[in-house]
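As you go down the protein sequences, you meet chains A and B in turn. Positions 1 to 322 (the working numbering) are the ones given, in order, by the first sequence. Positions 1001 to 1322 (the working numbering) are the ones given, in order, by the second sequence. Virtual Cβ for every residue (Gly too), placed ideally from N, Cα, C. Predicted model only: the values in this text are computed from it and were never measured.
There are 2 protein chains.
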Amino acid sequence: MPLLKDLNTENITENTILTNSSCEDLRMKYLMERLVSHLHDFARETRLSTREWMSGIQFLTVVGQTCDEVRQEFILLSDILGLSLLIDAIDHPKPPHATEGTVLGPFHTHEAEEMSHGDKMSSDPDGEPLLVLCTLKDSAGRPIEGCKIDIWETDSTGRYDVQHADRKGPDGRCVMYSDKDGIFWFKAIKPISYPIPHDGPVGKLLKALRRHPYRPSHMHFMFEKPGYDNLITALYARGDPYETSDAVFGVKDSLVVDYTQTDREIAEKYDVEEGTLLMTYDFVLVSDEEASDLREQKSRKALEALGRKVKFLEGLPVPDVD
Amino acid sequence: MPLLKDLNTENITENTILTNSSCEDLRMKYLMERLVSHLHDFARETRLSTREWMSGIQFLTVVGQTCDEVRQEFILLSDILGLSLLIDAIDHPKPPHATEGTVLGPFHTHEAEEMSHGDKMSSDPDGEPLLVLCTLKDSAGRPIEGCKIDIWETDSTGRYDVQHADRKGPDGRCVMYSDKDGIFWFKAIKPISYPIPHDGPVGKLLKALRRHPYRPSHMHFMFEKPGYDNLITALYARGDPYETSDAVFGVKDSLVVDYTQTDREIAEKYDVEEGTLLMTYDFVLVSDEEASDLREQKSRKALEALGRKVKFLEGLPVPDVD
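Okay, structure coming up:
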């Protein structure tokens, strides 16, 4: 252990890292080493003042205290700083043919009703009906059966169920499973673009940065099946005014869709009125193996660029020190 | 503004920074640029997983929710990560002859009683009496008169007044002023080494890192007088078992003192029993001008090492871009 005395701007970092180095969890030790390095470099490079440091302390405190059972302000903060998008990209790398992922956002819940194909997942009478027809395949083009799919979207006012103080239960969200042909379909409403919650500290930060809080309209999807890499993604409506200025950086061109109108044949087959808005999409999941190979390849490259030999512990990289 | 689409591990950082660049406050813009860079580099270098990111989100949330009127868990977190010590060193640089600063800690309050020289600032009957005799001078050796001095210390159980749920009011703390000879003196008790609050998330983190939560015994001092750089410091007892392993990195050799025993002459002069423990110290404050010159010099050096020309806005550096 280091002798902790006479620490100053030049030696505090190495000594903090040494002090943390008794940690037996090598991954945590590596995370703490990088965290302390970056935190200290940030302060040194900006010459952070005591007053600014205290503003930061107070800001983070309010962010924590704005969180409750249905609001996660730290996720919002991560979202508007581009961190959430980055983490998804690191943790779920995709080969070119696979469906891209995007930010989870703070509105997923674990209490959605399980529904059957064709069910209506929104009870909002003011929403514009939207028929959604999808397929789910693996990267070799084979249908994936029995995949659990979480779907959630806004109501016609651009809000999720959990944003209504008087809500009775889950709405605008459901869980369903793909059939033997990889098909799943349901009746929804057209999602609406909306501001992320901006009455808290994250909203104040956006304002100070002269940024708007809006997200283009989208519908969220999350796919989970053993053997496949979890896919968290969303489909965005082409032409939305916020299509290229999403407050949380989530839009990808491959996830932008055109709504069309159902013709008579489709309308009859799926029991909707002719002319109802239609969204279709063919999702492609990668296997756990494809994802972990790609993740390992990229991790190795990133850590070697730092001049570190790498080994992997439960799929996560740590420096390989002798 | 950038077109925010198809963001990935390689381009998210520059685009997040561009998105924040409409901010008119140049200092805030610089802070955000460095914050986003370091946050993203941290994630990229560690290949942070979604699960680890979520643990971080949950950890910070609990830290925020552990804060209340008398507990500041984010300051504790900053303390145990070495950040608080670093910020003090950056913001209050000291020439060699001046009294060094150290961490403020989370136990300073603004409700201490104003006392006169010779008053007892602790009512704890179990504390070992300690006579404290100090002088306060500028860097040319001239006495500083009328400086406001906040002093605070633990009781005989190693706790500050605010850590007692049933406390009646301030105790073990006071505010006093130096006299025309720069002298101030008071009766206290011997401070006791203690663990920082470790029943919350910061305590759990220390445990995971196999670190103890103890601070060596010390007495806090804060000096404020217009024209002089604020000094936040503390005097540590030599020989304390935690002298070289302070959980918050605060000990400096120049701040470690030996307690002696009062002889008859001193005891009579200051109205204490002969043999009472005695602590003496000669504090030296630097002027605002000395501090800001040194701060600017060091800031310039630090930012130029980053390859940036610097200008100063209200004493704080920002890159000087044309």
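{"Item": "CB-CB length for A/Ile-189 against A/Gly-101, believed under 8 Å", "Value": "Not quite, the Cβ-Cβ distance comes to about 24 Å (not below 8 Å), so this is no contact."}
{"Item": "is_contact[A/Ile-12, chain B] using C-beta, thresh 9 Å", "Value": "yes"}
{"Item": "Bridge partners - B/Ala-1089, DSSP secondary structure assignment", "Value": "Beta-bridge pairing links B/Ala-1089 to no other residue."}
{"Item": "B/Glu-1304, buried or exposed, once every other Cβ within 10 Å from all chains shown has been counted against 16", "Value": "exposed"}
{"Item": "Short Cβ contact (9 Å threshold) for A/Ile-90 with B/Thr-1009", "Value": "yes"}
{"Item": "Proximal residues, the region 203-228 of chain A versus chain B, C-beta separation under 8 Å", "Value": "Ala-208, Leu-209, Arg-210 and Arg-211"}
{"Item": "Per DSSP, the bridge partner or partners of B/His-1218", "Value": "B/Tyr-1236"}
{"Item": "Any chain A beta carbon closer than 9 Å to B/Ala-1237", "Value": "no"}
{"Item": "Proximity below 9 Å, CB of A/Val-248 to CB of A/Val-63", "Value": "no"}
{"Item": "Proximal chain B residues relative to A/Glu-274, where beta-carbon distance stays under 9 Å", "Value": "Chain B residues near A/Glu-274: none, gap ~34 Å exceeds 9 Å."}
{"Item": "Span separating the alpha-carbon of B/Leu-1001 from that of B/Leu-1035", "Value": "Checking the sequence shown, residue 1001 of chain B turns out to be Met, not Leu. Rounded to the nearest angstrom, the two C-alpha atoms are 20 Å apart."}
{"Item": "Assigned secondary structure, A/Glu-73 (DSSP; H/G/I helix, E/B strand, else coil)", "Value": "helix"}
{"Item": "Near-chain B residues of the region 59-73 of chain A (beta-carbon distance less than 9 Å), N- to C-terminal order", "Value": "Leu-60, Thr-61, Val-62, Val-63, Gly-64, Gln-65, Thr-66, Cys-67, Gln-72 and Glu-73"}
{"Item": "Chain-ordered neighbours of B/Leu-1003 on chain A, where CB pairs are closer than 7 Å", "Value": "Thr-244"}
{"Item": "Minimum Cβ-Cβ distance from B/Val-1162 to chain A less than 9 Å", "Value": "no"}
{"Item": "Exposure of A/Leu-18, with buried meaning 16 or more beta-carbon neighbours within 10 Å", "Value": "exposed"}
{"Item": "Span of the alpha helix (DSSP H), counted from its first residue to its last, around B/Tyr-1270", "Value": "1264-1270"}
{"Item": "Residues of the region 36-49 of chain A with Cβ closer than 8 Å to any Cβ of chain B, in chain order", "Value": "Val-36, His-38, Leu-39, His-40, Asp-41, Phe-42, Ala-43, Arg-44, Glu-45, Thr-46, Arg-47, Leu-48 and Ser-49"}
{"Item": "Other residues of its chain near A/Lys-309: CB distance less than 6 Å, five sequence neighbours each side excluded", "Value": "Asp-320"}
{"Item": "Cα-Cα separation between B/Gly-1182 and A/Tyr-214, rounded to whole angstroms", "Value": "59 Å"}
{"Item": "Cutoff 9 Å: A/Ile-196 Cβ touching any chain B Cβ", "Value": "no"}
{"Item": "Beta-carbon contacts of A/His-117 that lie in its chain and below 8 Å, excluding the five residues immediately before and after", "Value": "Met-176, Asp-179, Ile-183, Phe-184, Trp-185 and Phe-186"}
{"Item": "Within chain A, the residues that B/Arg-1034 reaches when beta carbons sit closer than 8 Å", "Value": "Phe-42, Glu-45 and Thr-46"}
{"Item": "Reference B/Ile-1151; option with closest CA among B/Pro-1093, B/Leu-1235, B/Asp-1068 and B/Ile-1087", "Value": "B/Leu-1235"}
{"Item": "CA nearest to the CA of B/Ser-1217, picked from B/Leu-1255, B/Leu-1205 and B/Asn-1230", "Value": "B/Leu-1255"}
{"Item": "Proximal chain A residues relative to B/Ile-1149, where beta-carbon distance stays under 9 Å", "Value": "Here the premise fails: no neighbours, minimum Cβ distance about 18 Å."}
{"Item": "Reduced DSSP category for B/Ser-1049 - H, G, I as helix; E, B as strand; rest coil", "Value": "coil"}
{"Item": "C-alpha distance - B/Met-1032 paired with B/Asn-1020, whole-angstrom precision", "Value": "7 Å"}
{"Item": "Cross-strand partners of B/Met-1176 (DSSP beta bridge)", "Value": "B/Ile-1149"}
{"Item": "Classification of A/Gly-239 by the beta-carbon crowding that lies within 10 angstroms, buried from 16 upward", "Value": "exposed"}
{"Item": "Local conformation of B/Ser-1287 per DSSP, three classes", "Value": "strand"}
{"Item": "Exposure of A/Arg-51, with buried meaning 16 or more beta-carbon neighbours within 10 Å", "Value": "exposed"}
{"Item": "At least 3 beta-carbon pairs within less than 8 Å: the region 104-124 of chain A vs the region 162-176 of chain A", "Value": "yes"}
{"Item": "Limits of the unbroken beta strand (DSSP E) element including B/Thr-1019", "Value": "From DSSP, B/Thr-1019 is part of no beta strand (DSSP E) but of the alpha helix (DSSP H) over 1012-1019."}
{"Item": "Integer Cβ distance of A/Val-286 from A/Asp-246, believed to fall under 8 Å", "Value": "Not a contact, Cβ separation roughly 24 Å."}
{"Item": "Residue span of the beta strand (DSSP E) that contains B/Leu-1313, given as start and end", "Value": "1310-1313"}
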